[in-house]
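Peer 1: Number 876 marks the last residue of the sequence shown (this note's numbering); no jumps.
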Amino acid sequence: MDCKDLDALEQEAKRVMRPESWAFCDTGADDEITAAENIQAWHKLKLRPRVLRDIVEVDAGTTLLGTRVRTPIMIAPTGRHHLFHKDAERETARGAAAAGALYVMSTSGTTTVEQVAAESAGMPQWFQLYMQPDRDATGALLDRCEAAGFRALVLTVDQPVPGWSPRAARQPVLPSPDIRSVNMVGQPIARTAYDATRKGVVMFPTNFGDLEWLSKRTKMPVVVKGVLRADDALRCVDCGAKGVMVSNHGGRHLDTTVTTAEVIAEIAASVGSAAEVYVDGGIRRGTDIVKALALGARAVLVGRPPLWGLSVAGASGVQAVMEHLHDEMLRAMRLCGAASLAALTPDLVKQ
Ligand SMILES: Cc1cc2nc3c(=O)[nH]c(=O)nc-3n(C[C@H](O)[C@H](O)[C@H](O)COP(=O)(O)O)c2cc1C
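#1: In whole angstroms, what is the alpha-carbon distance linking residue 561 and residue 692?
#2: Measuring only the C-alpha atoms, how far is residue 823 from residue 746?
#3: Taking the alpha carbon of residue 696 as the reference point, which residue from 772, 549, 810 and 867 has its own alpha carbon closest?
#4: Using the rule of at least 16 other Cβ atoms within 10 Å of the residue's Cβ for burial, across every protein chain shown, is residue 722 buried or exposed?
#5: Taking 8 Å as the cut-off, is the beta-carbon of residue 819 closer than that to any non-hydrogen atom of ligand 1?
#6: Does the beta carbon of residue 696 fall short of 8 Å from some heavy atom of ligand 1?
#7: How far does the alpha helix (DSSP H) with residue 558 in it reach, from first residue to last?
#8: When the Cα atoms are used, what is the spatial distance from residue 625 to residue 648?
#9: Residue 684 bridges to which residues according to DSSP?
#10: Would you say the beta carbon of residue 830 comes nearer than 8 Å to a heavy atom of ligand 1?
#11: Apart from the five residues just before and just after residue 545, which ones in its own chain have a Cβ nearer than 7 Å to its Cβ?
#12: Using a threshold of 8 Å, is the CB atom of residue 932 nearer than that to any non-hydrogen atom of ligand 1?
#13: Which class does residue 792 belong to by DSSP, given the choice of helix, strand or coil?
#14: Throw me the rounded Cβ distance for the residue 541 and residue 837 pair, which I believe falls under 8 Å.
#15: In the structure shown, what three-state DSSP assignment does residue 801 receive?
#16: With a Cβ-Cβ cutoff of 9 Å, do residue 815 and residue 831 count as a contact?
#17: Going by the DSSP bridge assignment, what does residue 584 pair with across the sheet?
#18: Grab me the residues of residue 760's own chain with a C-beta within less than 8 Å of its C-beta, minus the 5 sequence neighbours each way, in chain order.
#19: Output yes or no for whether 9 Å exceeds the beta carbon distance between residue 839 and residue 537.
#20: Can you tell me whether DSSP reads residue 892 as helix, strand or coil?
#21: Using a Cβ-Cβ cut-off of 6 Å (strictly less than) and excluding sequence neighbours within five positions of residue 731, which residues of its own chain qualify?
#22: Across which residues does DSSP place residue 600 in a beta bridge pair?
#23: By DSSP's criteria, residue 750 is part of a beta bridge. Which residues make up the other side?
#24: Leaving aside the five residues before and after residue 634 along the sequence, list all residues of the same chain whose C-beta is less than 8 Å from its C-beta, in chain order.
#25: Counting only the same chain and skipping the five closest in sequence on each side, list residues whose C-beta sits under 7 Å from that of residue 673.
#26: If I'm right that residue 654 touches residue 680 with Cβ under 8 Å, what's the distance once you round it to whole angstroms?
#27: If you pair each beta-carbon of the stretch 798-811 with each one of the stretch 570-579, do three or more pairs fall below 8 Å?
#28: Per DSSP, residue 592 is paired with what?
#29: Count the other CB atoms within 10 Å of the CB of residue 619; is the residue buried (16 or more) or exposed (fewer)?
#30: May I have the straight-line CA-CA distance separating residue 866 from residue 700, to the nearest angstrom?
#31: Please confirm if the stretch 805-819 is in contact with the stretch 761-774, defined as three or more CB-CB distances below 8 Å between the two stretches.
#32: Just to confirm, does residue 543 get its C-beta within under 8 Å of one of the non-hydrogen atoms of ligand 1?
#33: Counting only the same chain and skipping the five closest in sequence on each side, list residues whose C-beta sits under 6 Å from that of residue 555.
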């Protein structure tokens, strides 16, 4: 496995994945404009490094909702890992734990929350929820997550209806009765968001009232994922959210949104210390991470890259991706004259 940079790994993943798995992993919605622009937007931001600083010792440790972690790089929630490895989400959790990275498991996983929790090796894990209309069933799942040891709940709100990907529709993942969304109500057969039967279906019609209910119903702190506006971020905090993930879902549902690199500074400044703010979308380099943290994110998440590692080399591939990004981040911090995350301040980035 070549992990000298993520471009080589991406090409290797494309070779080993089945074509329909690759299309599902790689695609964005519609014209795939946002998926591409997410990556370019980090490149457009330019660094203004400091020189002559003491950077021999560098510490990238932080806390995420009160839990100590060695790195501010998390694994974003992504569904259906059986498409990428036979041990699916269990294998991802093993790789995350080996790298010391926080893993956010998706509701759309094909592995139970208890099986994933069993692989945590003491590392914190969060659970991503697509809230289903049946509150009793949602509540029962929350109880299972708490009992299994998940430390936070990530409510995804940017996919009330699935987006549409012509590319994924031309190479569809065929549903199999053996492969089920085992944590969802009724354990339905796992279908991708781009499955033709889901076109236009209002799957997850969550609103601010649901967020208030959820914040009270669970002991886990709630993070809202999929926010692109400061006014929405502040309203989420008012409704009980302890964290906000600035995300456009990797450009997979609504195309031509703003990129996350363009709005992270504004949202982080508006939220201030009222909640933790994280960001994902197109992060592929240590320099991207340094820019995101300098602009106010407490941590970043990566979605597609761990899936490339998973498909090429299982848990050790996931581990290699996360360690590679961590190393690149440390190098970029040193080259910017920043020995700690506190030294990553907005003046490092020319916008
Ligand atoms: C294959 C795939 C499946 C995804 N599934 C989910 C999901 O189940 N829940 C969710 O909140 N986000 C999901 N996402 C979005 C990611 O959490 C994340 O926002 C996005 O991938 C970040 O962009 P990046 O891939 O450019 O790093 C998925 C992304 C991909 C690529």
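Beta carbons are placed, not taken as given, at the ideal position from N, Cα and C, and that holds for glycine.
Peer 2: So, from the data block:
#1: Sequence index remark: in the sequence shown, residue 561 carries index 36 (1-based). Sequence index remark: in the sequence shown, residue 692 carries index 167 (1-based). Cα-Cα distance, rounded: 14 Å.
#2: Position 298 of the sequence shown, counting from 1, holds the residue named residue 823. Position 221 of the sequence shown, counting from 1, holds the residue named residue 746. So the two alpha carbons sit approximately 16 Å from each other.
#3: Stepping through the sequence shown from its first residue, residue 696 is reached at position 171. Minimum Cα distance to residue 696 is reached at 549.
#4: Counting from 1 along the sequence shown, the entry for residue 722 is found at position 197. With fewer than 16 Cβ atoms within 10 Å of its Cβ, residue 722 is classed as exposed.
#5: Taking the first residue of the sequence shown as 1, we reach residue 819 at position 294. No - ligand 1 has no heavy atom lying nearer than 8 Å to the Cβ of residue 819.
#6: Within the sequence shown, the letter at position 171 stands for residue 696. Residue 696: no, Cβ never under 8 Å from ligand 1.
#7: Indexing the sequence shown from 1 puts residue 558 at position 33. It spans 558-569 - the alpha helix (DSSP H) in which residue 558 sits, taken as one unbroken run.
#8: The residue labelled residue 625 in the question sits at position 100 within the sequence shown. The residue labelled residue 648 in the question sits at position 123 within the sequence shown. Distance between the alpha carbons of residue 625 and residue 648: 7 Å.
#9: Locating residue 684 in the sequence shown gives position 159, where the first residue counts as 1. Beta-bridge pairing links residue 684 to no other residue.
#10: By 1-based counting over the sequence shown, the position of residue 830 is 305. Answer for residue 830: yes, Cβ within range of ligand 1.
#11: By one-based count along the sequence shown, residue 545 stands at place 20. Cβ within range, chain order: 696, 697 and 698.
#12: With the chain covering only 526 through 876, there is no way to say anything about residue 932.
#13: To locate residue 792, count along the sequence shown from 1; it is residue 267. DSSP places residue 792 in helix when its eight states are reduced to three.
#14: Taking the sequence shown and counting its residues from 1, the one referred to as residue 541 is at position 16. Taking the sequence shown and counting its residues from 1, the one referred to as residue 837 is at position 312. Their Cβ separation, rounded to whole angstroms, is 6 Å, which keeps residue 541 and residue 837 in contact under 8 Å.
#15: As a working note, residue 801 is residue 276 in the sequence shown. In the displayed model, residue 801 falls within a strand according to three-state DSSP.
#16: Residue numbering aside, residue 815 sits at position 290 when the sequence shown is read from its first letter. Residue numbering aside, residue 831 sits at position 306 when the sequence shown is read from its first letter. The Cβ atoms of residue 815 and residue 831 lie no closer than 9 Å to each other.
#17: Indexing the sequence shown from 1 puts residue 584 at position 59. Note: residue 584 is bridge-paired with 865 in the DSSP secondary-structure output.
#18: By 1-based counting over the sequence shown, the position of residue 760 is 235. Around residue 760: 733.
#19: For the purposes of this step, residue 839 is identified with residue 314 of the sequence shown, where counting begins at 1. For the purposes of this step, residue 537 is identified with residue 12 of the sequence shown, where counting begins at 1. No, these two residues do not count as a Cβ contact at 9 Å.
#20: This structure leaves residue 892 out entirely; the chain is present only between 526 and 876.
#21: Taking the first residue of the sequence shown as position 1, residue 731 is located at position 206. 656 and 682, listed in sequence order.
#22: As a working mapping, residue 600 is identified with position 75 in the sequence shown. According to DSSP, residue 600 bridges with 628 and 827.
#23: As a working mapping, residue 750 is identified with position 225 in the sequence shown. Paired residue(s): 681 and 770.
#24: What you label residue 634 is simply residue 109 of the sequence shown in a count that begins at 1. 604, 605, 606, 613, 614, 641, 706, 707 and 708.
#25: As a first step, residue 673 is located in the sequence shown; it is residue number 148 there, counting from the start. These residues qualify, in order along the chain: 638, 639 and 642.
#26: Taking the first residue of the sequence shown as 1, we reach residue 654 at position 129. Taking the first residue of the sequence shown as 1, we reach residue 680 at position 155. Taking 8 Å as the upper bound for CB-CB distance, residue 654 and residue 680 are in contact here, some 5 Å apart.
#27: The stretch 798-811 makes no contact with the stretch 570-579: fewer than 3 CB pairs, one atom from each, lie closer than 8 Å.
#28: Here residue 592 is taken as the residue at index 67 of the sequence shown, counted from 1. According to DSSP, residue 592 bridges with 589.
#29: Within the sequence shown, the letter at position 94 stands for residue 619. Buried, by the Cβ-count rule.
#30: Taking the first residue of the sequence shown as position 1, residue 866 is located at position 341. Taking the first residue of the sequence shown as position 1, residue 700 is located at position 175. When rounded, the distance between both Cα atoms is 44 Å.
#31: Verdict: yes, contact present.
#32: The residue given as residue 543 occupies position 18 in the sequence shown. Outside the cutoff, so no.
#33: As a position in the sequence shown, residue 555 is number 30, starting the count at 1. In the same chain as residue 555, and ignoring 5 residues on each side of it, the C-beta atoms closer than 6 Å to its own belong to 780, in chain order.
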